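Peer 1:
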Ligand code: UD1
Ligand code: MG
């Protein structure tokens, strides 16, 4: 966050600085009514889209597929808990916004530079609220679903430890603004709890067309599998973080992918008769549902024009949550297709990320305050590529286009799976 200010200026006299620090400490302890309130949420817009999705999801889960009563009950309990999480996130974000602003955790909206909105201090790192609400829900949910001897319990808690560690490191990054090369490796530390506790299989099913060449149909990768898991966590977290900078994009892309994960899981559960396979996908639903609802709560404030920014706390948290979901439910290939826009954005970013071309602090489009339109720059991001391909547009239209593209990629993945099932694996 280049625009963030932290602490008083070094040029001020010591006495003045001490006085200011005292004042800011007093303010931090006793919230006052003078604090600027963040703008009303965009709950209407977010709910109208969400209702369509949840209608389809519940139809599949509770009517279309004949799923066992116990499993249905767990999914239902998880839904109820997740909706409570949505409400709690909605309530907590304005409260947390005041506290982060008082600690000088804010950013300026770069795509509004030159207008009145561009000079407003927008509270940063509100992903911390989503991360905490998500973790509390996921911890509470164990009571509703897992028995003490469940084999899932160890991995579930290891997954939560990794997500929690990622929230911590993301928040550290937001506060300390670590160099981005260090940012790249943070998720590999956060993934350690999961990698160390993982006792599941380390085998992959060889795609049918390759079996004649490999000679076997199941390949044990051993430690290489764990390396792959670590790399997937690093990719998912960073790829969400660098496909960002437009109001609503970070939370929006996560909501679309989480929705696709939920549909994929329920379809797999509905089509399978293997209890272990169903359990793996149910596990994925138990994490994806609270991820989706808490993200929607955040989106109510982060949608254009953003009243809050999500921060690296959120982008890392969301990436790690989706990575552990994909790893533990064994659908990482499908997950990578859901991540197609992020893969493309990463590929376009490679020359700048690896230092072949100069990489500025922010690789965002150019904003014209006269027309309110964005123009693509030469920086290698999908955001800029979209602007160059489809022409100048407003920030909100650009975000909607990018989210539609994300949804199309998810749809493409479902179609691909439909045609490849039986032939590929
Ligand atoms: C990554 C990107 C950077 C992009 C930034 C935007 C790489 C290598 N880094 O950096 O190019 O500019 O994300 O998040 O690709 N902001 C807005 N509008 C928004 C969201 C964010 O103006 O809708 C600005 C605000 O000033 C905010 C800042 O971006 O304070 C947050 O940037 P930060 O998340 O710290 O950037 P990085 O993740 O390091
Ligand atoms: Mg970021």
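In the UniProt record's numbering, the protein residues as written are 1 to 425.
Where is the CB? At the ideal position from N, CA and C, for every residue including glycine.
The model shown is predicted, which means the values in this text are computed figures rather than measured ones.
Nearest CA to the CA of residue 124: which residue from 405, 283, 98 and 281?
Peer 2: If we check each option's Cα against that of residue 124, 98 comes out closest.
Peer 1: Using only alpha-carbon positions, find the residue among 88, 303, 272 and 228 that is nearest to residue 255.
Peer 2: Comparing Cα positions, the closest option is 303.
Peer 1: Residue 319 to residue 241, Cα distance in whole Å?
Peer 2: So the two alpha carbons sit approximately 8 Å from each other.
Peer 1: When DSSP labels each residue in this structure, what does residue 392 get in the three-state scheme?
Peer 2: It is coil, neither helix nor strand.
Peer 1: Could you tell me if the beta carbon of residue 381 falls within a distance shorter than 7 Å of some heavy atom in ligand 2?
Peer 2: Result no, Cβ not under 7 Å from ligand 2.
Peer 1: Cα separation between residue 298 and residue 73?
Peer 2: Spanning the two alpha carbons is a distance of roughly 27 Å.
Peer 1: Leaving out five residues before and five after residue 119 in sequence, what residues of the same chain have Cβ atoms less than 8 Å from its Cβ?
Peer 2: Excluding sequence neighbours, residue 119 sits near 108.
Peer 1: What's the C-alpha gap between residue 183 and residue 153?
Peer 2: Straight-line Cα distance between these residues: approximately 30 Å.
Peer 1: I'd like to confirm something about residue 191: is its beta-carbon nearer than 7 Å to some heavy atom of ligand 4, or not?
Peer 2: Looking at this structure, you won't find ligand 4 anywhere; what it does contain is ligand 1 and ligand 2.
Peer 1: For residue 421, I'd like the list of residues in its chain whose CB is within less than 8 Å of its CB, leaving aside the five on either flank, ordered along the chain.
Peer 2: Excluding residues within five positions, none has a Cβ falling inside 8 Å.
Peer 1: Exposed or buried, which one is residue 243 when buried takes at least 16 other CB atoms within 10 Å?
Peer 2: With 16 or more other Cβ atoms within 10 Å, it is buried.
Peer 1: Just checking my contact of residue 237 with residue 86 at CB under 8 Å: how many whole Å lie between their CB atoms?
Peer 2: The Cβ separation is near 23 Å, so there is no contact.
Peer 1: Have a look at 138, 392, 418 and 336 and flag the residue whose alpha-carbon is nearest the alpha-carbon of residue 368.
Peer 2: Comparing Cα-Cα distances from residue 368 to each of 138, 392, 418 and 336, the minimum goes to 392.
Peer 1: Return the chain-ordered list of same chain residues with a C-beta closer than 7 Å to the C-beta of residue 310, the five sequence neighbours on each side being excluded.
Peer 2: So the qualifying residues of the chain are 126, 127, 250, 251, 298 and 302.
Peer 1: Is there at least one non-hydrogen atom of ligand 1 closer than 7 Å to the beta-carbon of residue 246?
Peer 2: Within the cutoff, so yes.
Peer 1: Quick test of the definition: if touching needs 3 or more C-beta pairs under 8 Å, does the region 348-360 touch the region 315-335?
Peer 2: No: the two stretches stay apart, fewer than three of their Cβ pairs being nearer than 8 Å.
Peer 1: Mark residue 220 as exposed unless 16 or more other C-beta atoms lie within 10 angstroms of its C-beta, in which case mark it buried.
Peer 2: Counting Cβ neighbours within 10 Å, residue 220 comes out exposed, since fewer than 16 surround it.
Peer 1: Between which two residues does the beta strand (DSSP E) containing residue 312 stretch?
Peer 2: That residue, residue 312, is in no beta strand (DSSP E); its alpha helix (DSSP H) goes 311-328.
Peer 1: Rounded to whole angstroms, what is the Cα-Cα separation between residue 141 and residue 43?
Peer 2: Near 26 Å, if we compare the C-alpha coordinates of residue 43 and residue 141.
Peer 1: Considering only the beta carbon of each residue, do residue 145 and residue 314 sit closer than 8 Å?
Peer 2: No, the pair does not count as a contact, with Cβ atoms beyond the cut-off.
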